[in-house]
Each structure stands twice: as structure tokens, then as C-alpha cells.
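Asker: So the sequences go chain by chain: A and B. Okay, so the first sequence: first residue is 4 according to the working numbering, each after it adds one. Okay, so the second sequence: first residue is 392 according to the working numbering, each after it adds one. Note that CB positions come from ideal geometry on N, CA and C, so glycine has one too. The structure follows.
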Amino acid sequence: MAQASYPDDLKYNTEHDWARIEGDEATFGVTWYAQDSLGEIVFFDPPKVGDQLTKDQAYTEVESVKAVSDVVAPMSGEVIAVNEKLTETPGQINDDPYGEGWLVRVRLSEPGEAASLMDAGAYEASLS
Amino acid sequence: MHVAAGAKLVPFAGWEMPLQYVGIRPEHLAVRNDVGIFDVSHMGEVETVGPAAAQRLQRLISNDIEKLAVGGAQYGLLCNEDGGVLDDLFTYRLAKDRFLTVTNASNHERDLAWMQSHAREHDARVNDRHADYAMLAVQGPRARSLVAGLTDEELPARFHCRELSLAGVRLLACGTGYTGEDGVELLIDPAHARRVWDAVVGAGAQPAGLGARDTLRLEACFHLYGNDLREDWDPIGAGLGWACKEATGFIGAEAVARVRAAGPRRKLVPFVIEGAGIARQGNPVLPAAGLEQSSAGAGSATAAGGEVTSGSFSPCLERGIGLAYVEPERAVPGTKLQIDVRGTIREAVVERKPLYRKDP
Numbered sequence: 004m005a006q007a008s009y010p011d012d013l014k015y016n017t018e019h020d021w022a023r024i025e026g027d028e029a030t031f032g033v034t035w036y037a038q039d040s041l042g043e044i045v046f047f048d049p050p051k052v053g054d055q056l057t058k059d060q061a062y063t064e065v066e067s068v069k070a071v072s073d074v075v076a077p078m079s080g081e082v083i084a085v086n087e088k089l090t091e092t093p094g095q096i097n098d099d100p101y102g103e104g105w106l107v108r109v110r111l112s113e114p115g116e117a118a119s120l121m122d123a124g125a126y127e128a129s130l131s
Numbered sequence: 392m393h394v395a396a397g398a399k400l401v402p403f404a405g406w407e408m409p410l411q412y413v414g415i416r417p418e419h420l421a422v423r424n425d426v427g428i429f430d431v432s433h434m435g436e437v438e439t440v441g442p443a444a445a446q447r448l449q450r451l452i453s454n455d456i457e458k459l460a461v462g463g464a465q466y467g468l469l470c471n472e473d474g475g476v477l478d479d480l481f482t483y484r485l486a487k488d489r490f491l492t493v494t495n496a497s498n499h500e501r502d503l504a505w506m507q508s509h510a511r512e513h514d515a516r517v518n519d520r521h522a523d524y525a526m527l528a529v530q531g532p533r534a535r536s537l538v539a540g541l542t543d544e545e546l547p548a549r550f551h552c553r554e555l556s557l558a559g560v561r562l563l564a565c566g567t568g569y570t571g572e573d574g575v576e577l578l579i580d581p582a583h584a585r586r587v588w589d590a591v592v593g594a595g596a597q598p599a600g601l602g603a604r605d606t607l608r609l610e611a612c613f614h615l616y617g618n619d620l621r622e623d624w625d626p627i628g629a630g631l632g633w634a635c636k637e638a639t640g641f642i643g644a645e646a647v648a649r650v651r652a653a654g655p656r657r658k659l660v661p662f663v664i665e666g667a668g669i670a671r672q673g674n675p676v677l678p679a680a681g682l683e684q685s686s687a688g689a690g691s692a693t694a695a696g697g698e699v700t701s702g703s704f705s706p707c708l709e710r711g712i713g714l715a716y717v718e719p720e721r722a723v724p725g726t727k728l729q730i731d732v733r734g735t736i737r738e739a740v741v742e743r744k745p746l747y748r749k750d751p
């Protein structure tokens, strides 16, 4: 994705992760800013279905040619799905960080945590 | 200039350096398949000049300076009295009594101070020329023909150097490089470097940054000081015994000779990861099955296991590669290694240098 973009329907944390909240489930990924900083992502090793994620703790890593970066959970919950396709084509995280580049889907354990996340405008402002 | 070309800048050894312009992989592949240009002006230059300049450098640098003819280029090491490596360098002989030594940016001040304060029994001036030179590297199968198109004069052969005019700028061209490809490195008056950059980029060279510089040199198995070479490690274990001529009596020669005779405790080998994963500097190499890992570290005589000193992703091999110190018995191509990459054990194989080979 060549142009920076921060969709309005997502919530963001300070570690450049996003959450798409749908009822008591959410999908997580990394933002345009994160993939742009990393450069071409070459490896992604997903967590397992059933793993417990804790808000603000690292739950996996993405690896680019030059660096490894922790991915931090924006909210707490149990992993109910992982994006298996990224094992073959991790570059999707660069090309479509909010769509095909989704990382995990969770069942939220503390939906109230959403209140501490930023909306798109606040996140984008925090980058400058 | 670099920002206008789309560079992402990162701090490196006190400089703001372009890490990449369009991406590490495309820049890497441009150098392997076509031609790329690197701004390596952060590297330092030390001039040694005077009637005893050759003798002075003979004492300071591990290789045989007497074998370096005017117009030649020679790789060598600066060692301390214990035979540890202070820096790895290229020295160019510009005249019988005048030499230019290119230093690594992070070591330049230390190298200069060392060269100025040692071997003073040989009368020569050792001058800091860092501010007088910008340096551009043009590398790749098309590099020579591209550069030849910008000058009427002949280019220097590999491991040679000569002054010539390029794009109307008088500069020192050297048949050297750090990528494993053919090409030249250009030492230029900083006031005119931009003009040379623009001419070379205008002729189609891909600007390439430090990211690609590292992946390229790793495929070629070239050492990086600070990763593969350190002050408390000997050159023999690093595989640089060929650049050490103890008979020339350089500072550290006796210590190097002792290690050469006894055999190094650890040897630096290239490896390729089998499957997924990228090993990085500091990742432990597990001891061979059945031995205990010692906490004594890569340099200890009693330690088992080893350590990755450089690691990255190879765009040409499409997998993780690197350099690691292992026990001499395991420094044999074909040996299987297990590397602890942040808690996950990755399988790797010791290979021959270079890791990347041009197909015949």
C-alpha cells in the first residue's frame, strides 16, 4: 500500500497495532506506519488458536529483511483464528495491512479496554 | 540529495545514512543484476606520506605493504599488540611515498590516533583526510560500462586505483567493492560529489542504502567490523590469516603467529538457515549434541557452542544467512548447526564462501 492510510472504523494503540471490534470479537493487525517502518516483511510466525493475549503485551513478531519487531495486543482475549496465508505470503502485511494482512482474530475478554485506544484521527496525529 | 531520492535515513556511527531508497530487496537485486550506487562517504581516510611511509605502514598493517605497487589496492588489518583486530582496511598506494588508507566510519578516530602514535620510529606524516573525500561505490555487472561511459580515460583494474576525470570531476577511482560484484569506488572532493552522483544515477544506477549493503556483503561473506571482527578477537579465527604476513613484523604479529601455530579456538563460518527464520547477531549456536553450553562465550577455550555475529535475509537465496563462530571441528561445510533464534531453534548448514555464486 503506497499511501499512508488509517481507516476510521478501527481503533489504534501507541505501538502501531489496530483493532477492528465487532461485538465481543475483534481482528488485530499492524498499521500502515508499522509496515512502512519495517520494510519488506519476509517472515511471520502466527500464535496458536487458543492462545491467551493480554493487552499491551507482545504476542508475536513480524520480521523484515533488516529487523524483527514485536507485535503488541491492543486488547486482551483468546485467539480464535490466525491468518495462515501470511506464512506463505507475509508481504500481504505490507500490501494490505488492514485487509488481507490481518494477523489474528480474538474473542475479547475485556471489551471495556477499547476505551483506552485511539481513533484514527488521534493515532494519525500522534505520528507527526 | 538522498532525501530527494526517497531515502529513509538512520543514524550510523555519528552520521545520518540512507538505509534504503525503494526497498532493500530491489536495491540488492539491482546490484546483482544491473548497477547500484552507494554513498559511503561516512568511511574515513588516513593519508600516510613521507620517505618512510611504506615502512611505517608495514609496521602498522598486517599485510605486506612492500607488495603494494603504485596504483595498487590492498586489504589489511590494523592490530593491537595482543593480535586483536582494531579495524579492517583498504590501502591505496598513490605514489612511492604516499598512501591512502580507508577506515570504517566507527573506527576512524581510533585508527587515526593509533596510526599517529605508533611506529613513529619511521618518519612519515599521518594526516586525517576524512573531510577531504566523499566516497561513492558503483557496483554490479553493468557498473564498469556505465562508469566508462562517463569518462574518456581507462578505468582501474580490480585491486588498482588511478586518478581520472568523470563527469568533468577529477577523482580517484578504485577497482574495489564490498558487494561481491564488479565495480568501482570513487573518492571525490565533497564539493563535486553531487555532480558525480547525479551523473551516475542519471545513467541508470539504482541508489542503494545500508540495508542492501549489508545483505550484499553477507552473501559475499565479507566481514563487518563490530559484528564479525572485534578488538578482542584474533584474525586467524576470522579467516583472515591470508591478510596477515607475520614476517613483516607488524604490531601484533607475534600474537597472531602464536594463534596461527596453535590453531584458533573458534572459526568464523557462513551458514544458511534451512526453512524459515532469520538468525541475527548474538543468537547462540547450540553445542553439538551431548555437550553442555558454557556461559563463557565465543572466545573461551572451554566453551562449547558458538555465536552468530552477522545474520540477515538473502534476497538471492530467499532464506536466512549469516556468519557464526563455531568450534574448529564443526567449521566444515555440510555440518548441521542449531541456532537459538529468540527461543525457537532453527536448523542451519555450514556452507562454503561465498554464499552467493554467479552462475557460469
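According to DSSP, simplified to helix, strand and coil, what is VAL85/A?
Answerer: The answer is strand: DSSP assigns VAL85/A an E or B state.
Asker: Applying the 10 Å Cβ sphere with the 16-neighbour rule, what's the burial state of PRO626/B?
Answerer: So PRO626/B ends up on the buried side.
Asker: Mapping DSSP to helix, strand and coil, what is VAL723/B?
Answerer: Of the three classes helix, strand and coil, the one that applies to VAL723/B here is coil, per DSSP.
Asker: Is GLY668/B close to chain A, meaning its C-beta is less than 8 Å from at least one C-beta of that chain?
Answerer: Yes, GLY668/B lies at the interface with chain A (some Cβ there is under 8 Å from its Cβ).
Asker: Are the beta-carbon atoms belonging to GLU18/A and ASN97/A less than 8 Å from one another?
Answerer: Cβ atoms of GLU18/A and ASN97/A: not closer than 8 Å.
Asker: So PHE46/A contacts chain B; which residues on that side make the cut at Cβ distance below 9 Å?
Answerer: Those are ALA667, GLY668, ILE669, PHE704, GLY711, listed as they occur along chain B.
Asker: Taking only three categories from DSSP, how would you classify PRO409/B?
Answerer: Strand, per DSSP.
Asker: Step through the CB atoms of chain A and report whether any lies within less than 8 Å of the CB of THR606/B.
Answerer: At least one chain A Cβ lies under 8 Å of THR606/B.
Asker: Jot down the residue ranges of each uninterrupted alpha helix (DSSP H) in the segment 423-466 of chain B, minimum 4 residues, whole runs only, in chain order.
Answerer: If we require 4 residues or more, the alpha helix (DSSP H) runs fully inside the segment 423-466 of chain B come out as 444-451.
Asker: Excluding sequence positions up to five away, which residues of its chain have a Cβ less than 8 Å from the Cβ of LEU746/B?
Answerer: Excluding positions up to five away in sequence, the list reads LEU609, GLU610, ALA611, CYS612, PRO661, VAL663, SER705, LEU708, ILE712.
Asker: So what's ASP21/A in DSSP terms, helix, strand or just coil?
Answerer: Note that residue 21/A is Trp in the sequence shown here, rather than Asp. Note: TRP21/A maps to strand in three-state DSSP.
Asker: With distances taken Cα to Cα, identify the nearest neighbour of ASN471/B among GLY602/B, GLY531/B, LEU620/B.
Answerer: Nearest of GLY602/B, GLY531/B, LEU620/B to ASN471/B, Cα basis: LEU620/B.
Asker: Once you ignore the five residues that flank SER432/B on each side, which residues in its own chain have a CB closer than 6 Å to its CB?
Answerer: Result list for SER432/B: ALA525, MET526, in chain order.
Asker: Any chance you could list the alpha helix (DSSP H) runs of at least 4 consecutive residues sitting entirely within the segment 509-575 of chain B, in chain order?
Answerer: Here the runs fully enclosed are 534-539.
Asker: Going by beta-carbon coordinates alone, are ASP502/B and GLY643/B separated by less than 8 Å?
Answerer: Not closer than 8 Å, so no.
Asker: How would you list, in chain order, the residues of chain B whose beta-carbon sits under 8 Å from the beta-carbon of GLU91/A?
Answerer: None at all; the shortest Cβ gap to chain B is about 11 Å.
Asker: Using DSSP with H/G/I as helix, E/B as strand and the rest coil, what is ARG651/B?
Answerer: Note: ARG651/B maps to helix in three-state DSSP.
Asker: I need the straight-line Cα distance from GLY632/B to SER129/A, nearest angstrom please.
Answerer: Taking the straight line joining both Cα atoms gives about 53 Å.
Asker: Verify the CB distance criterion: does TRP406/B have a CB-CB separation below 8 Å to chain A?
Answerer: It does not: the Cβ of TRP406/B has no partner Cβ on chain A nearer than 8 Å.
Asker: Quick one, are the C-beta atoms of LEU546/B and ALA528/B less than 8 Å apart?
Answerer: No, the Cβ-Cβ distance between LEU546/B and ALA528/B is not below 8 Å.
Asker: Mapping the DSSP letters down to three states, classify THR57/A as helix, strand or coil.
Answerer: Of the three classes helix, strand and coil, the one that applies to THR57/A here is coil, per DSSP.
Asker: Would you call LYS51/A buried or exposed, if buried means 16 or more other Cβ atoms sit within 10 Å of its Cβ?
Answerer: Classification for LYS51/A: exposed.
Asker: Give me the chain A residues within the contact set of ILE415/B, using Cβ-Cβ distance strictly less than 9 Å, ordered along the chain.
Answerer: What ILE415/B touches in chain A: GLY42, GLU43, SER67, VAL68, LYS69.
Asker: Check whether the segment 568-581 of chain B and the segment 97-111 of chain A are in contact - that is, three or more C-beta pairs closer than 8 Å.
Answerer: The segment 568-581 of chain B, when compared against the segment 97-111 of chain A, does not touch it at the 8 Å Cβ threshold.
Asker: Please list, in chain order, all residues of the same chain as HIS499/B whose beta carbon is under 7 Å from its beta carbon, the five residues on each side excluded.
Answerer: Closer than 7 Å at the Cβ level, and outside the excluded window around HIS499/B, lie GLY435, HIS521.
Asker: Can you tell me whether DSSP reads VAL483/B as helix, strand or coil?
Answerer: The question names Val, yet the displayed sequence has Tyr at residue 483/B. In this structure, TYR483/B counts as strand in the three-state DSSP scheme.
Asker: Taking 8 Å as the threshold, find out whether the segment 737-745 of chain B comes into contact with the segment 413-429 of chain B through three or more Cβ pairs.
Answerer: As far as the Cβ criterion goes, the segment 737-745 of chain B does not touch the segment 413-429 of chain B, which means the pair count is below three.
Asker: With a cut-off of 8 Å, do at least 3 Cβ pairs link the segment 64-74 of chain A to the segment 31-43 of chain A?
Answerer: Result yes; three or more Cβ-Cβ pairs closer than 8 Å.
Asker: Check the Cβ of ALA640/B against every Cβ in chain A and list those closer than 7 Å, keeping chain order.
Answerer: What sits at residue 640/B in the sequence shown is Gly, not Ala. Going along chain A, no residue has its Cβ under 7 Å from GLY640/B, so there is no contact; the nearest lies around 42 Å.
Asker: Tell me whether SER556/B is buried or exposed, calling it buried when 16 or more other Cβ atoms sit within 10 Å of its Cβ.
Answerer: With fewer than 16 other Cβ atoms within 10 Å, it is exposed.
Asker: Taking 8 Å as the cut-off, decide whether the C-beta atoms of GLY600/B and VAL422/B are in contact.
Answerer: In this structure, VAL422/B does not lie closer than 8 Å to GLY600/B by Cβ.
Asker: Looking only at its own chain, which residues have a Cβ that is under 8 Å from the Cβ of PRO442/B, when we skip the five neighbours before and after it?
Answerer: Once the five neighbours on either side are set aside, the close Cβ partners of PRO442/B are ASP488, ASP514, ALA515.
Asker: Skipping 5 residues on each side, what residues in its chain have a beta carbon closer than 8 Å to that of GLY463/B?
Answerer: Taken in chain order, the residues that qualify are TYR483, ARG484, PHE550, HIS551, CYS552.
Asker: Using the C-alpha atoms, what's the distance from SER497/B back to PRO402/B?
Answerer: Those two C-alpha atoms are separated by around 12 Å.
Asker: With distance defined between alpha-carbon atoms, name the residue in ALA123/A, MET121/A, SER131/A, GLU113/A nearest to ALA132/A.
Answerer: Lying outside 4 to 131, the shown extent of chain A, residue 132/A is not represented and no answer is given.
Asker: Roughly how far, in whole angstroms, is the beta-carbon of LYS636/B from the beta-carbon of ASN454/B, given that I think they are within contact range, below 8 Å?
Answerer: So it is a contact: roughly 6 Å between Cβ atoms.
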